[in-house]
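Participant: Take the position in the sequence shown, starting the count at 1, then add 1; the result is the number in my numbering.
Idealized CB from N, CA, C, for every residue including glycine.
Note that the structure is a prediction, hence the values are computed from the model and not measured.
Quick one: the structure is below, and I'll ask about it shortly.
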Amino acid sequence: MTALAVVVEESGLLIKRLDRKLERTLLHSYRKDLTLQVSSEADPVLLLPKVVSLLYLKAYNKALQAPGRAMCVTVSQLKGNVSGI
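This is the structure we're talking about:
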């Protein structure tokens, strides 16, 4: 994050954090959208990243956008946390 802070300072951009209420609303909307996508998806190749993103959201309460080649790492990170979901 320090590199980001340096770039922001040098560029003169203003970046502010989301407030908790807005962040919660965005995460809830993202969760609903992912759930709808998972329920309507039939292709297993396209289903895997959506399910992994949904599990990551439920486990860590953080949104995940990752390429397909990163799914293996994400799944291994989720192995310990999925049992409680």
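In this structure, how does DSSP classify G69 when only helix, strand and coil are distinguished?
Facilitator: Taking the sequence shown and counting its residues from 1, the one referred to as residue 69 is at position 68. If DSSP states are grouped into helix, strand and coil, G69 belongs with the helices.
Participant: Provide the residue span of the alpha helix (DSSP H) that contains L5, from first to last.
Facilitator: Counting from 1 along the sequence shown, the entry for residue 5 is found at position 4. L5 -> alpha helix (DSSP H) spans T3 to S12.
Participant: Among the residues of its own chain, which have a CB less than 8 Å from the CB of L58, if the five just before and after it don't count?
Facilitator: The residue labelled residue 58 in the question sits at position 57 within the sequence shown. Excluding residues within five positions, the ones whose Cβ falls inside 8 Å are L28, Y31, R32, L35, A64 and L65.
Participant: Tell me the DSSP secondary structure of A60 in three-state form.
Facilitator: Within the sequence shown, the letter at position 59 stands for residue 60. In the structure shown, A60 falls within a helical segment according to DSSP collapsed to helix, strand and coil.
Participant: Assign S88 to one of two classes, buried (16 or more other C-beta atoms within 10 Å of its C-beta) or exposed (fewer than that).
Facilitator: For the chain, the structure presents residues 2 to 86; residue 88 sits outside this window and is missing.
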